[in-house]
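Heads up: the structure comes next, in structure tokens.
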Amino acid sequence: MKKLTFLLSVVVYLAFAKANTARAQQEFKGVAYYTSKTTFKMKKDTASVKQQDPEKAEMQAMIREAFKKGSTADFKLEFSQTESMYEKEVELVAPKPSSGASITFSSSGPTSSTIYKNLQDQEFIMKDQIFGKDFLITDKLKTYQWQPTQETKQIGNYTCYKATYTPELTEEQKKAKEEKKEDAKKGSLFALMDDVDPTIEVWYTPEIPIANGPGEYHGLPGLILEVKERNTILLCTKIVMNPEEDFEIDQPRGGKTITQEKFDALQKKKMEEYQKKNGTKGFIVREVRTSN
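Read left to right, the sequence shown gives residues -24 to -1, 1 to 268 (mature numbering (1 follows the signal peptide of the UniProt record, and there is no 0)).
Below, the structure is given as structure tokens:
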């Protein structure tokens, strides 16, 4: 009887140990670091624009050079199996030139926002701004109709698979495309931008089995390590799994809570007002600094 009791105890212990081991293997945390590069390709200058407006042509040359140089940014993704927090890394402010002229620009997109995702509840909280005012956009996660492929490549130590998604143009985007054609006839600077393929290309690794990724992206059987979207390439440069120093995945704070639909409507209204006043489209030129 004692022998039977001992054997049962051993079986129960082994089963318990196995369950704990499996659970430990499933429950993990990690931190992924990404670097983004945004550049704009532009068509050649037209002689007519230079002849008609030399000052405008000079400004176009300055902005063209800024677009060619591009902008870079670093991001951090803290994640577990069920939730994540993605935000831009704090960067040092570059010193302003004492002479000459410089132009900097910023762009927005699915990989540039501070966003918390809860995969279990299929919800997100994203922090965004409209001309300096903070908002907390709270809504359901978007569903991406990914088209997986068998194409692979190595990113660091991870084998990654390619997937693509082509979003349908909204009515507003179709309208903007037609307006761009009209602007081209007027010699608009932003009409000189080359059209880009709207298809989003991502590379994910099943070796980190979470359906998550940088920014708003998620929904693949592995962590997304690279994103190519329009004018931006985002690449994972480092991953730390189960870091020694534990951390909590926080949610964004500070700002007016709003739904995605209401935020989009308000942003559209404010951007139209800004464009009417300043004549810019698609992004904001943050600074033009000149000196004699």
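Where is the CB? At the ideal position from N, CA and C, for every residue including glycine.
query	result
Can you give the Cα-Cα distance for Gly46 and Lys204, rounded to whole angstroms?	15 Å
Run the CB neighbour count on Pro86, radius 10 Å, all protein chains shown included, and call it buried at 16 or more, exposed below.	buried
On a CA-only basis, which of Phe223, Thr181, Thr235, Ile131 is nearest Phe100? Give me that one, please.	Thr235
Going by the CB atoms, is the gap between Ala241 and Trp179 shorter than 9 Å?	no
List the endpoints of the continuous beta strand (DSSP E) containing Glu205.	199 to 205
Please list, in chain order, all residues of the same chain as Asn94 whose beta carbon is under 6 Å from its beta carbon, the five residues on each side excluded.	Glu59
For Pro219 versus Lys5, is the C-beta distance shorter than 9 Å?	yes
Less than 9 Å between the C-beta atoms of Ile209 and Tyr134, yes or no?	no
In terms of DSSP beta bridges, what is Glu63 paired with?	Lys52
Which word fits Met217, buried or exposed, when buried means at least 16 other C-beta atoms lie within 10 angstroms of its C-beta?	exposed
Nearest by alpha-carbon distance to Ser89: which of Met61, Gln96, Asp173 is it?	Met61
Would you tell me roughly how many angstroms separate the C-alpha atoms of Gln96 and Asp222, rounded to the nearest one?	21 Å
Terminal residues of the continuous beta strand (DSSP E) containing Asp115?	109 to 116
Counting only the same chain and skipping the five closest in sequence on each side, list residues whose C-beta sits under 8 Å from that of Thr11.	Thr48, Ala49, Asp50, Phe51, Leu210, Leu211, Thr213
Give me whichever residues DSSP pairs with residue 270 in a beta bridge.	In the structure as shown, the chain starts at -24 and stops at 268, and residue 270 therefore has no counterpart that could be examined.
For Leu196, which three-state DSSP category applies?	coil
Give me whichever residues DSSP pairs with Tyr10 in a beta bridge.	Phe51, Cys212
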